[in-house]
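Please read the structure below before turning to the comments.
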Amino acid sequence: MKLSAPTMIVFLISLVIAALGVLAALGIFSVIPAPSVWIMTAAYAVLLAGVLLKGV
356 MKLSAPTMIV FLISLVIAAL GVLAALGIFS VIPAPSVWIM TAAYAVLLAG
406 VLLKGV
């Protein structure tokens, strides 16, 4: 399996989702009803998809 670097937009999307997860863990951002660990998991899943799928 050949890995590729994610595009800048995928990286920025995962960064924004991860920042929301950190803010949810600190109690600052509680609009999303999911626990912060699942928000962070979603951020890393987006980044993983960007690394595993070529051209994403």
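Counting with this note's numbering, you get residues 356 to 411 for the letters of the sequence shown. Heads up, the beta-carbon is just placed ideally off N, CA and C, and yes, glycines get one too. Model, not experiment: these values are computed from the prediction.
Specify, as a first and last residue, the run of the alpha helix (DSSP H) that residue i falls within.
| i | result |
| --- | --- |
| Ser391 | Ser391 to Leu407 |
| Ala374 | Met363 to Leu381 |
Going by beta-carbon coordinates alone, are residue i and residue j separated by less than 8 Å?
| i | j | result |
| --- | --- | --- |
| Ile394 | Gly405 | no |
| Leu407 | Leu358 | yes |
| Ala398 | Ala379 | no |
Kindly give me the distance between the Cβ atoms of residue i and residue j, rounded to whole angstroms, as I take these residues to be in contact under 8 Å.
| i | j | result |
| --- | --- | --- |
| Pro401 | Ser369 | Note on residue identity: the sequence assigns Val, not Pro, to residue 401. Val401 to Ser369, Cβ: 4 Å. Contact. |
Count the other CB atoms within 10 Å of the CB of residue i; is the residue buried (16 or more) or exposed (fewer)?
| i | result |
| --- | --- |
| Pro388 | exposed |
| Pro390 | exposed |
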